[in-house]
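Student:
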Amino acid sequence: MLDKVRGGLFGVAVGDALGATFEFMTREEILSRHGSKREMVGGGWLGLKPGEVTDDTEMTLCVARGIIASPQDPVEEIGRQFMSWYQTDPKDVGSTIRTALGAYTETGDWEKARAITWERHGGKVAGNGCLMRTLPFSFVYFQSPDLLGKFSRETAFLTHPDPLAAEACHFYNVLAVGLLLGEEPWSAFKKARSLLQHEELARRLDSWPSLAVQDLRPTGYVVDSLEAALWCFFNGENIIEAIESAVNLGGDADTVAAICGGLAGTYWGWSALPDGWKSRLLIKEELEQLAAALLQASGQVS
10 MLDKVRGGLF GVAVGDALGA TFEFMTREEI LSRHGSKREM VGGGWLGLKP
60 GEVTDDTEMT LCVARGIIAS PQDPVEEIGR QFMSWYQTDP KDVGSTIRTA
110 LGAYTETGDW EKARAITWER HGGKVAGNGC LMRTLPFSFV YFQSPDLLGK
160 FSRETAFLTH PDPLAAEACH FYNVLAVGLL LGEEPWSAFK KARSLLQHEE
210 LARRLDSWPS LAVQDLRPTG YVVDSLEAAL WCFFNGENII EAIESAVNLG
260 GDADTVAAIC GGLAGTYWGW SALPDGWKSR LLIKEELEQL AAALLQASGQ
310 VS
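Each residue of the sequence shown is one higher than the one before, counting from 10 in the working numbering.
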């Protein structure tokens, strides 16, 4: 199981570090200028070093640290981790998250921060910033479905106060639990799908298998990102194909590839990731440590 937990965390980071190079480019631009095979070269609009990650991975680490510090009730500690990270002035912070964490800085109250975020964004707060970071819950609460749902949703709501965003996170984590426990992807998908109550999310997750790659929309909307990541994961013959196809979509490439990479890494495992990708990551030691600590924390959940 440790190989799968390590794989999930490394998968998020690999997808992020690869995808950030091509964020905001179109699929056609990427393929014509760079081909389809991916190396970890950095650059992009953020000017990253090779192997450097962005907010997708950094916030995933915040979630992991918060869970490890308080596995019985992690949400408050995760919020503290988010604020500590935000105060370091990160290179990349999504607009909804920036509003939410800025509002919490002003008010010191998550409920007030949610109301401010909702108002300033006109209720359009179902972004993918909550989904990109949610995977660590699957590695600790895989034997506690109620806690998995509760903490997935509550942590999404810290920055994205929209039931659709929260349900997308819960769905993703249930799917990841299935992969962690050795289920085949379609079986795990059907189990996670059976829990959905939000009409739009259910409709989109019923229709994505019939889409062609050119139909995918790698935007910051949580349903678009989830749909694209699922398509790349389920259509990949192996972990390399899955992650590369997500990167090559362009658009919000780092986040879609991180979401896809989390699933692919959990399913195929750390050992399936190319050594060249793993060794290039600048945070590989911390990822190793957190993977082991998350698995240990799972034994503290009652």
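Beta carbons: idealized from backbone N, C-alpha and C, even for Gly. Quick caveat, the model's predicted, so the values are computed rather than measured.
Which same chain residues, not among the five before or five after Ala165, have their C-beta less than 6 Å away from its C-beta?
Tutor: So the qualifying residues of the chain are Cys139, Ala174, Ala175, Cys178.
Student: If you count every other CB in all the chains shown that lies within 10 Å of the CB of Asn257, and 16 or more means buried, which is it?
Tutor: Buried, because 16 or more other Cβ atoms sit within 10 Å of the Cβ of Asn257.
Student: With DSSP as the reference, label Tyr150 as helix, strand or coil.
Tutor: If DSSP states are grouped into helix, strand and coil, Tyr150 belongs with coil.
Student: Do you know offhand how far Ala26's Cα is from Pro227's?
Tutor: Taking the straight line joining both Cα atoms gives about 16 Å.
Student: How many Å lie between Asn182 and Val149 at the Cα?
Tutor: Near 11 Å, if we compare the C-alpha coordinates of Val149 and Asn182.
Student: Please state if the CB of Thr126 and the CB of Ala112 are separated by a distance shorter than 8 Å.
Tutor: A contact, by the Cβ cut-off of 8 Å.
Student: Does the distance from the CB of Ala211 to the CB of Asp65 come in under 8 Å?
Tutor: No, the Cβ-Cβ distance between Ala211 and Asp65 is not below 8 Å.
Student: Taking 8 Å as the threshold, find out whether the stretch 28-41 comes into contact with the stretch 228-248 through three or more Cβ pairs.
Tutor: Because the criterion of three Cβ pairs below 8 Å is not met, the stretch 28-41 and the stretch 228-248 do not touch.
Student: Does the Cβ-Cβ distance between Phe91 and Lys287 come in under 8 Å?
Tutor: No. Outside cutoff.
Student: Give the secondary structure of Leu291 by DSSP, where H, G and I count as helix, E and B as strand, and everything else as coil.
Tutor: DSSP places Leu291 in coil when its eight states are reduced to three.
Student: For Tyr95, which beta-bridge partners are listed by DSSP?
Tutor: According to DSSP, Tyr95 bridges with nothing at all.
Student: Would you call the stretch 77-96 and the stretch 46-58 touching, i.e. three or more CB-CB distances under 8 Å?
Tutor: Flag = no, the stretch 77-96 and the stretch 46-58 do not touch.
Student: Would you mind giving the Cβ-Cβ distance between Glu253 and Arg47, rounded to the nearest angstrom? I have them listed as a contact below 8 Å.
Tutor: That pair is a contact at about 5 Å.
Student: Report the partner residues of Tyr181 according to the DSSP bridge assignment.
Tutor: DSSP output for Tyr181 lists no bridge partner at all.
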